[in-house]
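*Asks:* Residue numbers (the UniProt record's numbering): 26 to 476.
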Ligand code: PMP
C-alpha cells in the first residue's frame, strides 16, 4: 500500500526544491509507486504496461525477486567497500562479465553511469593513443558529463557554453532520413519503403563512409584520430540503424589511422537486440573499448568499461579512483542480471517477441500512412511518425504528444525521441510476452485513429 507523499505535495516540492532542468514526461507526470516484471503501478494503484523500461534500463524486469534477495543478503553483510580493498563480488562479476565479451576485452573498470563510463573510456583512448581527436555520429547520444555533451550531437542537450574540444561529427548514416539509403539497407526484419538507388549490393554504407573520410581529411591532423565512437543502434536519436557494412568500413579506416573503435552498448547490450548479446556483434567487428550501463544493473546505478589489457594499462599512467564503482551491492546486482538473462532466456525472448512486434507494427504501417518507418532489432524498436510518408516530414509535436498521451490513458508507457521528437521508442523489460506486444499494437491502433 502506498504511504508516500500526495501528488500535490510532490508537485510543490518539485517546484521549490528540485532543479527545473530535470525533464519530466507527460502533461501530468506519472507518480509511480511499484513495479513488477513488465508492469508499473502508480500511487493510486493503476497498472501500466512499461514498454520503455525507464529509458531502456530495466532489463530483466522490475523488482526481480532474485535480485532483491541477492542484494538484501549483500546489504546485510557488507553494503560498501571501495576499490582500495578486495571484495569477492567485484572479482566474481569482472570474470563473469569478461566471459560475455570477446576474449581480448578482458579488463573491466566498474563505474556508476553511462556518461561516466564514456568519459572514462575517452580518457583511456586518449591516454593509450596519445592522440586527442574523436569522431562520433551526428544524432548520437553519449551522456551528460561536460565532455560527453561535446561528443553528443543533439541540440536539446546543448548549452550555450564553450564546448569541450576535440569532438567532430560525421554524417549520420540514417537510411530513412539521410541522403542515402532505402529498402534492404539495414539489418532488421522490417525495411523502409523508401526507394533505393543501390543495385544488388547496398551502396549507402560506402557513400556514408566517404563522408567519414572527408571528416578525416578536413578536421583531423594526419594520423591524429584517438577514437571513433558509436552506439550500435542509436537510442535517444530515434532507433537509427546504419547501413550494412558501414561500421565494418569505419572500423578499418579508424585502424588505418591508428585510432580505437569504441562501442557504446549502453542501450544495445545485454541481449536486447536478440541475435547477439552485444549490438556490435551484428556489425561483425570487435571494438577496442566497450562502454555499458542501463540494462547492466536493471535500474541500479552500475556501468562499466571493458577493454584490452594493453589499453587498460594506458590508464595506469596516473592514479585512478572511483568511490562507488564496483561496490559489492552493484556487483551483486550485475551478477544476478547476467544469471537471469541466461536462466530466463531473455536474449531469445527479445528475438522472438521483438520480431513479432516489429512485424505487427509493420502491418499497422500499411494501414496508417502517419507511420513513416518501423525499424529496429529485438526489443530495441522505433516507430517514426510523419506528416506524409512520401516527404517524410516529421509529424507535428502536437500530434505526437496527443498520440503519446492517448497511449498512457490506455495504460501503455512508451518513449519518444529522434532529432525531431517524432520517433516512438519501444525498449521494454526483456521479459515481455507476445500478448504484451499485441496489446501495444492494439493501443497504437486506437491512438492512431485519434490523430
Ligand atoms: N550512452 C547512451 C547510448 C545512452 O543512451 C545514455 C543515456 N541515455 C548514456 C550513454 C548516458 O548514460 P547515463 O544517463 O547513465 O549517464
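Note that CB positions come from ideal geometry on N, CA and C, so glycine has one too.
(1) With a threshold of 7 Å, establish whether the CB of residue 317 neighbours any heavy atom of the ligand ADP.
(2) Are there three or more Cβ pairs, one per stretch, closer than 8 Å when the region 274-292 is compared with the region 247-264?
(3) Any idea if residue 398 is buried or exposed, counting beta-carbon neighbours within 10 angstroms, 16 or more meaning buried?
(4) Given the structure, does residue 167 come close to the ligand PMP, in the sense that its CB is under 7 Å from one of the ligand's heavy atoms?
(5) Nearest to residue 280 by CA position, among 295, 309, 313, is which residue?
(6) Would you give the residue range spanned by the beta strand (DSSP E) that residue 429 belongs to?
(7) From the DSSP secondary-structure annotation, give me the bridge partner or partners of residue 66.
(8) Leaving aside the five residues before and after residue 364 along the sequence, list all residues of the same chain whose C-beta is less than 8 Å from its C-beta, in chain order.
(9) Assuming the contact rule is C-beta atoms closer than 8 Å, residue 307 and residue 402 should be a hit. Round their C-beta distance to whole Å, please.
(10) Between residue 232 and the rest of its own chain, which residues show a CB-CB distance below 7 Å, the 5 nearest in sequence each way excluded?
(11) Measure from the C-beta of residue 370 to each C-beta in chain C and report whether the shortest distance is under 8 Å.
(12) Let me know the beta strand (DSSP E) ranges lying completely inside the region 360-426, each 3 residues or longer, listed in chain order.
(13) Beta-carbon within less than 8 Å of residue 376's beta-carbon, same chain only, minus the 5 sequence neighbours each way: which residues are those?
(14) According to DSSP, is residue 457 part of a helix, a strand, or is it coil?
(15) With a floor of 3 residues, list each beta strand (DSSP E) that falls wholly inside the region 292-356, ordered by position along the chain.
(16) Between residue 143 and the ligand PMP, is the CB less than 7 Å from at least one heavy atom?
(17) Need the endpoints of the alpha helix (DSSP H) that residue 151 sits in, please.
(18) Checking 8 Å against the spacing of the C-beta atoms, do residue 166 and residue 261 come in under that value?
(19) On the three-pair Cβ rule with 8 Å, is the region 343-351 touching the region 108-124?
(20) Is it buried or exposed, residue 51, if we count other Cβ atoms within 10 angstroms and call 16 or more buried?
(21) Determine the direct distance from the alpha carbon of residue 150 to that of residue 120, and round the result to whole angstroms.
(22) In chain order, what residues of the same chain have a beta carbon less than 6 Å from the beta carbon of residue 305, not counting five sequence neighbours either side?
(23) Three or more C-beta pairs closer than 8 Å, one from the region 176-196 and one from the region 208-223: is that the case here?
(24) In the DSSP assignment, find the beta strand (DSSP E) that holds residue 441 and state where it starts and stops.
(25) Taking Cβ to Cβ, would you say residue 284 is nearer than 8 Å to residue 156?
(26) Name the residue from 197, 228, 193, 188 whose alpha carbon lies nearest to the alpha carbon of residue 207.
(27) Just to confirm, does residue 139 get its C-beta within under 7 Å of one of the non-hydrogen atoms of the ligand PMP?
(28) State the DSSP-derived secondary structure class of residue 130, mapped to helix, strand or coil.
(29) Thinking C-alpha only, which one of 57, 56, 131, 117 is nearest residue 331?
(30) Inspect the beta-carbon positions of residue 475 and residue 441 and report whether they are closer than 8 Å.
(31) Measure from the alpha carbon of residue 46 to the alpha carbon of each residue in 169, 383, 468, then state which is nearest.
(32) Would you call the CB atoms of residue 129 and residue 333 closer than 8 Å?
(33) Closest to residue 259 by CA distance: which of 54, 448, 38 is it?
(34) Relative to the C-alpha of residue 62, which candidate in 83, 433, 55 has its C-alpha closest?
(35) Quick check for students: name the residue ranges of the alpha helix (DSSP H) that lie wholly in the region 67-127, counting only runs of 4 or more.
(36) Identify, in the order they occur along the chain, each residue of the same chain with its Cβ nearer than 6 Å to the Cβ of residue 361, setting aside the five sequence neighbours on each side.
*Replies:* Answer, in terms of the structure:
(1) With respect to the ligand ADP, the structure offers nothing, as its ligand set consists of the ligand PMP.
(2) Yes, since at least three Cβ pairs between the region 274-292 and the region 247-264 fall closer than 8 Å, the two stretches touch.
(3) Mapped onto the chain shown, residue 398 falls at position 373. Buried, since its Cβ has 16 or more Cβ neighbours within 10 Å.
(4) In the chain shown, counting from the first residue as 1, residue 167 sits at position 142. Residue 167 Cβ: within cutoff of the ligand PMP.
(5) Start at 1 with the first residue of the chain shown, and residue 280 comes out as number 255. It is 313 whose Cα lies nearest to the Cα of residue 280.
(6) For the purposes of this step, residue 429 is identified with residue 404 of the chain shown, where counting begins at 1. Residue range 422-434 is occupied by the alpha helix (DSSP H) that includes residue 429, with no beta strand (DSSP E) assigned at that position.
(7) Within the chain shown, the letter at position 41 stands for residue 66. Looking at the DSSP assignment, residue 66 forms a beta bridge with 59, 72.
(8) Taking the first residue of the chain shown as position 1, residue 364 is located at position 339. Hits under 8 Å: 91.
(9) Indexing the chain shown from 1 puts residue 307 at position 282. Indexing the chain shown from 1 puts residue 402 at position 377. The C-beta distance from residue 307 to residue 402 rounds to 7 Å, short enough to meet the 8 Å contact threshold.
(10) Against the chain shown, residue 232 aligns to sequence position 207. 205, listed in sequence order.
(11) In the structure shown, chain C cannot be found, because there is only a single protein chain.
(12) If we require 3 residues or more, the beta strand (DSSP E) runs fully inside the region 360-426 come out as 396-402, 405-410.
(13) Reading the chain shown from its first residue, position 351 is the one you call residue 376. If we look at residue 376 and ignore the five residues flanking it on each side, its Cβ neighbours are 299, 300, 403.
(14) Along the chain shown, one-based indexing puts residue 457 at 432. Residue 457 falls in the coil class under three-state DSSP.
(15) Listed in chain order, they are 314-317, 328-332.
(16) Within the chain shown, residue 143 is the residue found at index 118, counting from 1. Flag set: Cβ of residue 143 near the ligand PMP.
(17) Locating residue 151 in the chain shown gives position 126, counting from the first residue. If you look at residue 151, you'll find it in the alpha helix (DSSP H) that goes 139-154.
(18) Here residue 166 refers to the residue found at position 141 when the chain shown is read from its first residue. Here residue 261 refers to the residue found at position 236 when the chain shown is read from its first residue. At the C-beta level, residue 166 and residue 261 come within 8 Å of one another.
(19) Because the criterion of three Cβ pairs below 8 Å is met, the region 343-351 and the region 108-124 touch.
(20) As a position in the chain shown, residue 51 is number 26, starting the count at 1. Residue 51 comes out exposed.
(21) One-based indexing of the chain shown puts residue 120 at position 95. One-based indexing of the chain shown puts residue 150 at position 125. Residue 120 and residue 150 have their C-alpha atoms spaced approximately 23 Å apart.
(22) The residue you call residue 305 lines up with position 280 of the chain shown. 257, 288, 312.
(23) Cβ pair count under 8 Å is below three, so no.
(24) Here residue 441 corresponds to residue number 416 of the chain shown, with the count starting at 1. In the DSSP assignment, residue 441 falls within the unbroken beta strand (DSSP E) covering 440-442.
(25) Position 259 of the chain shown, counting from 1, holds the residue named residue 284. Position 131 of the chain shown, counting from 1, holds the residue named residue 156. Taking a C-beta distance under 8 Å as the contact criterion, residue 284 and residue 156 qualify as a contact pair.
(26) Position 182 of the chain shown, counted from the start, is the residue given in the question as residue 207. The residue from 197, 228, 193, 188 with its alpha-carbon nearest to that of residue 207 is 228.
(27) Taking the chain shown and counting its residues from 1, one reaches residue 139 at position 114. Yes, Cβ of residue 139 sits closer than 7 Å to a heavy atom of the ligand PMP.
(28) Sequence index remark: in the chain shown, residue 130 carries index 105 (1-based). The answer is coil: DSSP assigns residue 130 none of H, G, I, E or B.
(29) Sequence index remark: in the chain shown, residue 331 carries index 306 (1-based). The shortest C-alpha separation from residue 331 is found at 131.
(30) Looking up residue 475 in the chain shown gives position 450. Looking up residue 441 in the chain shown gives position 416. Contact flag unset, no.
(31) As a position in the chain shown, residue 46 is number 21, starting the count at 1. Taking only the C-alpha atoms, the option nearest residue 46 is 169.
(32) Numbered from its first residue, the chain shown carries residue 129 at position 104. Numbered from its first residue, the chain shown carries residue 333 at position 308. Cβ atoms of residue 129 and residue 333: closer than 8 Å.
(33) Along the chain shown, one-based indexing puts residue 259 at 234. Among 54, 448, 38, the Cα nearest to that of residue 259 belongs to 448.
(34) On the chain shown, position 37 is the one that residue 62 refers to. Among 83, 433, 55, the Cα nearest to that of residue 62 is on 83.
(35) As far as the region 67-127 is concerned, its whole alpha helix (DSSP H) runs of at least 4 residues are 78-81, 90-102, 113-124.
(36) In the chain shown, the residue the question calls residue 361 occupies position 336. Taking residue 361 as the centre and dropping the five residues before and after it, the same chain places the C-beta of 91, 92, 95 closer than 6 Å to its C-beta, in chain order.
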